[in-house]
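Residue numbers (the numbering used here): 9 to 382. Just so you know, even glycine gets a beta-carbon here, dropped at the ideal spot from N, CA and C.
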Amino acid sequence: MSVSITRPLVSISGLPRTGTDAQFPAASFTRALRLPISSAQSPFLHFSRSRSHSTAPSSTPAKITFFSSKEYEIDAFNRCKSDKVEFDFHETKLQPSTVSLAKGSDAICLFVNDKADAETLKKVKEAGINLLALRCAGADNVDLEKAHELGITVVSVPQYSPDAVAEFAVGMMLTVIRKYHKSYNRVRESNFSLEGLLGFNVKERTIGVIGTGAIGLRVARILSHGFGSKVIGYDPIMNEILKNDPKFTYVSLDDLLAQADIITLHSPLLPSTKHLINTETIEKMKDGVVLINTSRGGLVDSKALVEGLKSKKVSAAALDVYEKEARYFFQDKSQSVIQDDVLARLLSFNNVFISGHQAFLTKEVRRSRFEMPL
């Protein structure tokens, strides 16, 4: 099948839209990409169960090499394995120096902190591998332009249980607002004092949702319909469900920053959204704003966040992601010293709650994340 090329426009929420560049000026949070597609119905990272890109004869199992493998993943993948596939698991990350581990494979399966830049992709092509399967929804760690140039097909999980991430985001929000983390640590040491644990009602506040795709939609509805909060949102491409929801209002980004007591991020990491939260945008926020990020670490300029916390412009932050997380997340670093001074500083704040990129991790995600890449 010949490969057609489009320039899909991707909203801040990651929803693909086709059109011309004139529809969405460079100042907006959209980008145009050139990438291979094999289906007119799939203008962005196409998901396929077929082995049409495999170089192995159909009578032999397709060999898939996994990078950044963890025990819980290995167990889950092995439960879905059939006689049509052969798995080779490696704990190490995908990078130029580790591509050789996949020699003889038909495909490579990678995760969020694996590195599929131009150099890595060249080595992947040299190894005779033409398919990369991401066991995640985002693809900001893959040079899609280079992959297309080399004829490497990139597929991903279209989405896996947006409810899992949405619920976790709301849980993190309540944690820092009602100070669950501080209370938990105190009581474990038999300290039952309530001093310093004063929170506020979510119902009485305005919450800004940046990015209104599948996850942002659910967060908005949990907070507006469930908690009764006033919920506003920003996305260059409006979600039709929310657009027609009387309990939700779309506003400009500047208006959201100025009005929201709590801001929660649910957009992909694109060149146009990198450091969306920075010194300038933090300055536009209300005093005492609460920031939640369960999306991508690179959306937040971490140094600017530290300054915002020090000045008390930001009263609390909950982060499930960090822009330089690859060195630490998904690993046990309890016996080592954190060399990243910005991460160490964030961990030192008692009004910051950080988790290790676990928002997706539920039993319900197992099928979509572990079975669908196969």
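Endpoints, the beta strand (DSSP E) within which residue i is located
| i | result |
| --- | --- |
| Tyr258 | 256 to 258 |
| Val163 | 161 to 164 |
| Leu327 | 322 to 327 |
| Leu277 | No beta strand (DSSP E) contains Leu277, which DSSP labels as neither H nor E. |
| Val360 | 360 to 362 |
| Val298 | 297 to 301 |
Within 7 Å, strictly: CB atoms of residue i and residue j
| i | j | result |
| --- | --- | --- |
| Leu265 | Met293 | yes |
| Leu129 | Lys154 | yes |
| Asn247 | Thr220 | yes |
| Met181 | Ile271 | no |
| Pro69 | Lys89 | no |
| Asp83 | Leu277 | no |
| Ser150 | Ile230 | Sequence check: residue 150 is Val here, not Ser. No, they are not a contact pair. |
| Asp269 | Arg213 | yes |
| Pro282 | Gly305 | Reading off the sequence shown, one finds Lys at residue 282, where the question assumed Pro. Result no, Cβ atoms of Lys282 and Gly305 do not sit closer than 7 Å. |
| Ala324 | Val298 | yes |
| Gln103 | Lys123 | yes |
Sequence-distant residues of the same chain with beta carbon closer than 7 Å to residue i, five excluded per side
| i | result |
| --- | --- |
| Ala110 | Thr73, Ile116, Ala135, Ile137 |
| Ala30 | Low per-residue confidence applies at Ala30: pLDDT is 30, beneath 50, and the placement is therefore not dependable, though the value from the model is reported in the following sentence. Result list for Ala30: empty, nothing under 7 Å. |
| Cys144 | Phe119, Val120, Ser164, Val165 |
| Val227 | Ala174, Ala177, Val178, Val217, Thr272, His274 |
| Tyr205 | In the sequence on display, residue 205 carries Leu and not Tyr. Excluding residues within five positions, the ones whose Cβ falls inside 7 Å are Lys187, Lys190, Ser191. |
| Leu250 | Thr220, Leu225, Ala228, Gly241, Phe256 |
| Ser232 | Val239, Lys255, Phe256 |
| Lys311 | Val350 |
Identity of the residues DSSP links to residue i by a beta bridge
| i | result |
| --- | --- |
| Thr214 | Lys238 |
| Ile72 | Phe95, Ala115 |
| Val150 | Ala124 |
| Val308 | Ile285 |
Delimiting residues of the alpha helix (DSSP H) encompassing residue i
| i | result |
| --- | --- |
| Phe200 | Segment: none, Phe200 is in no alpha helix (DSSP H) and carries neither H nor E. |
| Leu142 | First-last for Leu142: 139 to 142, but that is the beta strand (DSSP E), not the alpha helix (DSSP H). |
| Ile270 | Unbroken run through Ile270 is the beta strand (DSSP E), 270 to 273; no alpha helix (DSSP H). |
| Gly224 | 222 to 229 |
| Glu248 | 248 to 251 |
| Glu79 | 79 to 88 |
| Ser356 | 349 to 356 |
| Ile185 | 170 to 186 |
Whole-angstrom C-beta distance between residue j and residue i, which should lie under 8 Å
| i | j | result |
| --- | --- | --- |
| Ile215 | Val184 | About 13 Å separates the two Cβ atoms, so there is no contact after all. |
| Phe337 | Lys78 | Their Cβ separation, rounded to whole angstroms, is 11 Å, which puts Phe337 and Lys78 out of contact at 8 Å. |
| Lys71 | Ser113 | 5 Å |
| Glu331 | Val308 | 7 Å |
| Ser76 | Thr370 | Going by Cβ atoms, the distance from Ser76 to Thr370 rounds to 19 Å, so no, they are not a contact pair. |
Cβ shell of residue i (< 8 Å), same chain only, five flanking positions each side left out
| i | result |
| --- | --- |
| Lys133 | Leu158, Gly159, Ile160 |
| Lys211 | Phe235, Gly236, Ser237 |
| Ala352 | Ile346 |
| Ser319 | none |
| His355 | Residue identity check: residue 355 is Leu in the sequence provided, not His. Hits under 8 Å: Ile346, Ile362. |
| Asp262 | Lys292 |
| Asn86 | Phe95 |
| Ser201 | Arg194 |
Cβ neighbours of residue i in the same chain (closer than 6 Å, five flanking residues each side left out)
| i | result |
| --- | --- |
| Gly316 | Ile290, Val322 |
| His274 | Gly219, Ile223, Gly224, Ser303 |
| Ala367 | Val173, Phe176, Thr302, Asp328 |
| Ala334 | Asn121 |
| Ala34 | In this prediction, Ala34 has a pLDDT of 28, which is less than 50 and means its spatial position is unreliable; what the coordinates show is noted afterwards. Cβ neighbours of Ala34 beyond the five flanking positions: none. |
| Pro186 | The identity of residue 186 in the sequence shown is Arg, whereas the question assumes Pro. Taken in chain order, the residues that qualify are Gly207. |
| Glu99 | Ser77 |
| Thr106 | Thr100 |
| Ala141 | Ala115, Cys117, Val163, Pro381 |
| Leu284 | Leu307 |
| Phe357 | Leu317 |
heavy atom of the ligand HEM below 6 Å from residue i C-beta
| i | result |
| --- | --- |
| Thr370 | By its list of ligands, the structure shown contains no ligand whatsoever, and the ligand HEM lies outside what it can speak to. |
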